[in-house]
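Residue numbers (this note's numbering): 291 to 458. Backbone N, C-alpha and C define an ideal beta-carbon position, used for all residues, glycine too. In this text the structure is predicted, and so the values were computed from the model without any measurement.
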């Protein structure tokens, strides 16, 4: 009986955290970043997940607070190092901060992550770095790899076409 009560509390925390996370995401999508931030923090307080930390970082980045976003993503990695999102997001934030060389190892970790649905994103970010450096063929190779992972991403297809036009 005692163990069932404890287990119920733990499961309740996870369920409450999930509900808070969903509400936070809805607020984020609606542009209500302050509310989203508070709800992600509440979700983390109930039951920390790599996703909640990463999405809280995303909210911080939308407000231009890239260093806070990076710190939150690192907390996400500490919570679950198998999730690819925080590695990619750190890489993207470092690119925005003008530190592409620092971004590369994070993007490579995102590519190798065991648990990651959007496997094309780190390749898109690597393409950004190569494009900034003027290495259009390498950028094209990364975008082509992104397309193999997400064949229906129209943004990737358009980017490939634009780069092909510049290379030719």
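| Query | Result |
| --- | --- |
| Along the chain, where does the alpha helix (DSSP H) containing residue 322 start, and where does it finish? | Taken as a continuous stretch (DSSP letters only), residue 322 belongs to no alpha helix (DSSP H), as it is neither H nor E. |
| Would you decide whether residue 390 is buried or exposed? Buried here means 16 or more other CB atoms lie within 10 Å of its CB. | buried |
| Please state the DSSP three-state secondary structure of residue 418. | helix |
| Please report how far the alpha carbon of residue 402 lies from the alpha carbon of residue 374, in whole angstroms. | 8 Å |
| Is the beta carbon of residue 356 less than 7 Å from the beta carbon of residue 386? | yes |
| Of all the options 439, 423, 388 and 426, which has the alpha carbon lying nearest to the alpha carbon of residue 412? | 439 |
| Determine the direct distance from the alpha carbon of residue 311 to that of residue 362, and round the result to whole angstroms. | 15 Å |
| CA-CA distance, residue 421 and residue 306? | 43 Å |
| Using the three-state DSSP reduction, which class does residue 405 fall into: helix, strand or coil? | strand |
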